[in-house]
Each structure stands twice: as structure tokens, then as C-alpha cells.
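Here this note's numbering = 1-based position in the sequence shown + 4. Just so it is clear, CB atoms sit at the ideal spot from N, CA and C, and this is done for glycine as well.
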Amino acid sequence: MDVLADRAELIELFGLYADIADLKEFTELPGRVLTDPITLDFASVADIPPMTVPLAGYVENLRAAFAPYAATHHVITG
């Protein structure tokens, strides 16, 4: 087990997840980063119960949610 390599992979994964919205790259990246179906759990930040949905539907929701913005920049830290 290589803890540093595992950590580097997780950091890269978080960065790619943020890139989906920030680069508006809704074609290739979601399949590299997320499972299909995807389980979402926003209970800690919104009054939405956990749910499992098809990846394509989630990606279309992301696309619509970020369409109004000319630019976004997400920073994810661990």
C-alpha cells in the first residue's frame, strides 16, 4: 500500500470532479470521475434525502445548473 500515491490519486480525482463544472466538460470527465448510477447525499447541506440516479441525468442537471455562469472556480481541499 502506497499512502502517498493513494493520496495523490484522490487529490487528482477531486480536481477532475471540480473541472466538470469549471471547464463545462460534461462529456468525458463525468465517466472518468463518477459511477453510473451515482448516489448523491446532500443531507448535510440541504433538506434533500440521499438518492441514486442515472449518471446521464445528473450530468444534464449539472449542465443546466452551470449554464448561466460565464466562469466558475471550485477549490476542493481534503
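> Would you report the Cα separation of Leu33 and Asp23, rounded to the nearest angstrom?
Replying inline: 8 Å
> Enumerated in chain order, which unbroken segments of the alpha helix (DSSP H) with a length of 4 residues or greater are wholly contained in the segment 39-80?
Replying inline: Counting only runs that start and end inside the segment 39-80, the alpha helix (DSSP H) elements of at least 4 residues fall at 59-70.
>> Output needed for Ala25: all residues of its chain with C-beta closer than 7 Å, excluding positions within five of it in sequence on either side, in chain order.
In response: Here the set comprises Leu66, Phe70, Thr76 and His78.
>> Let's test the definition: count the other Cβ atoms within 10 Å of the Cβ of Val7 and tell me whether it reaches 16, buried, or not, exposed.
In response: Classification of Val7: exposed, given that the 10 Å Cβ count is below 16.
> Per DSSP, what kind of secondary structure is Leu17 in: helix, strand or coil?
Replying inline: helix
> What is the rounded straight-line gap between the Cα of Pro58 and the Cα of Leu14?
Replying inline: Looking at the two C-alpha atoms, the distance is approximately 23 Å.
>> My assumption, with CB atoms under 8 Å, is that Thr56 sits in contact with Pro41. Please give the rounded CB distance.
In response: 5 Å
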